[in-house]
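> For reference, the structure I am asking about is given below.
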Amino acid sequence: MRVDRARCVGTGLCAATAPDDLALGEDGRARARHPVSAPGEQLTEAAEMCPVEAITVLSALDGRRIAPVL
Ligand code: SF4
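Residue numbers (the working numbering): 2 to 71.
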């Protein structure tokens with residue numbers, strides 16, 4: 002998963018949706034809790050709901066984008 006922190010506007014939606022994988026940093030922008038996360042339902046939902054598409058979930062196997070689906 003990648004978080005584009007420059008794009009994040011700090012809504013907190015992702016951290017509320019996938020609290021095991023995402024949190025807000027001291028600057029109020031989202032950050033990944035772990036270097037690698039399993040692309041579970043909560044994480045893909047968080048990527049789908051981000052209003053500025055700052056979260057990208059990628060397959061560790063082949064780099065394919067899993068979410069958001071464009
Ligand atoms: S949902 Fe998007 S804009 Fe909101 S805190 Fe998460 S990454 Fe930032």
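C-beta: ideal position from N, C-alpha, C; glycine also.
Asp18 by DSSP, collapsed to three states: which one?
By one-based count along the sequence shown, residue 18 stands at place 17. It is worth fixing the name first, because residue 18 is Thr in this sequence and not Asp. Residue state, collapsed to three classes: helix.
> Nearer than 7 Å: is that true of the beta carbon of Thr45 relative to any heavy atom of the ligand SF4?
By one-based count along the sequence shown, residue 45 stands at place 44. No, Cβ of Thr45 sits at least 7 Å from all heavy atoms of the ligand SF4.
> According to the Cβ coordinates, are Cys9 and Ala31 closer than 8 Å?
The residue given as residue 9 occupies position 8 in the sequence shown. The residue given as residue 31 occupies position 30 in the sequence shown. Yes, these two residues count as a Cβ contact at 8 Å.
> Going by DSSP in three states, Ala61 sits in which element: helix, strand or coil?
Counting from one through the sequence shown, the residue named residue 61 turns up at place 60. Coil at Ala61, not helix or strand.
> Indicate whether Thr18 and Glu46 have their beta-carbon atoms separated by less than 8 Å.
Here residue 18 corresponds to residue number 17 of the sequence shown, with the count starting at 1. Here residue 46 corresponds to residue number 45 of the sequence shown, with the count starting at 1. Yes, the pair counts as a contact, with Cβ atoms nearer than the cut-off.
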